[in-house]
Every structure is written in C-alpha cells, then in structure tokens.
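Contents: one structure, followed by commentary.
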Amino acid sequence: RDKDSSTGFAESEGLTQNGDRDETLDFGFVRPSVSVGDYVWLDVNEDGKQDDTDRPIAGVTLTLTGPDG
Numbered sequence: 288r289d290k291d292s293s294t295g296f297a298e299s300e301g302l303t304q305n306g307d308r309d310e311t312l313d314f315g316f317v318r319p320s321v322s323v324g325d326y327v328w329l330d331v332n333e334d335g336k337q338d339d340t341d342r343p344i345a346g347v348t349l350t351l352t353g354p355d356g
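Set out below in structure tokens:
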C-alpha cells in the first residue's frame, strides 16, 4: 500500500513477531524534493515562510557536505 500522493501519508499496518506475513505491503521509499535558493532571511515568527516582517541576512556562506561531514 503506497503513500497517498495527494496527502503525503501512508496507511499504518500492524505486524507482530509471531510470523505474520502480508505480501501486499509495499514499503517503497519516496525521495523528497528539496532545493537551495539564493536568499536568506530571519524567520521572525518561525513559520518557515518569508513574510513582510522577515528581513534579509546578507553575506551568508552555505557549505554543503556529504553524510560523513
């Protein structure tokens, strides 16, 4: 049972350790899409969106590293 693309959620299914087997379950991985933009601001109200009250921050350097740092 795949993730519902319209909601981003999947069904829950309970299994126990006593040999339950349900081969209809699909635990597929859905890679999230992300991007890095070119604008940094102070999110004053911490809502994750740029609002009129959020001011830009100049001179920010962003360093992206791999999983090992």
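When the letters of the sequence shown are read in order and numbered with this note's numbering, they come out as residues 288 to 356. Think of the CB as a built atom: it goes at the ideal place given N, C-alpha and C, for glycine as much as any other residue. Being a predicted model, the structure only gives us computed values, none of them experimental.
I'd like to know whether the C-beta atoms of residue i and residue j end up nearer to each other than 9 Å.
{"i": "residue 331", "j": "residue 325", "result": "no"}
Do you know offhand how far residue i's Cα is from residue j's?
{"i": "residue 352", "j": "residue 335", "result": "23 Å"}
{"i": "residue 347", "j": "residue 322", "result": "17 Å"}
{"i": "residue 328", "j": "residue 318", "result": "27 Å"}
{"i": "residue 345", "j": "residue 308", "result": "56 Å"}
{"i": "residue 341", "j": "residue 356", "result": "30 Å"}
{"i": "residue 349", "j": "residue 333", "result": "20 Å"}
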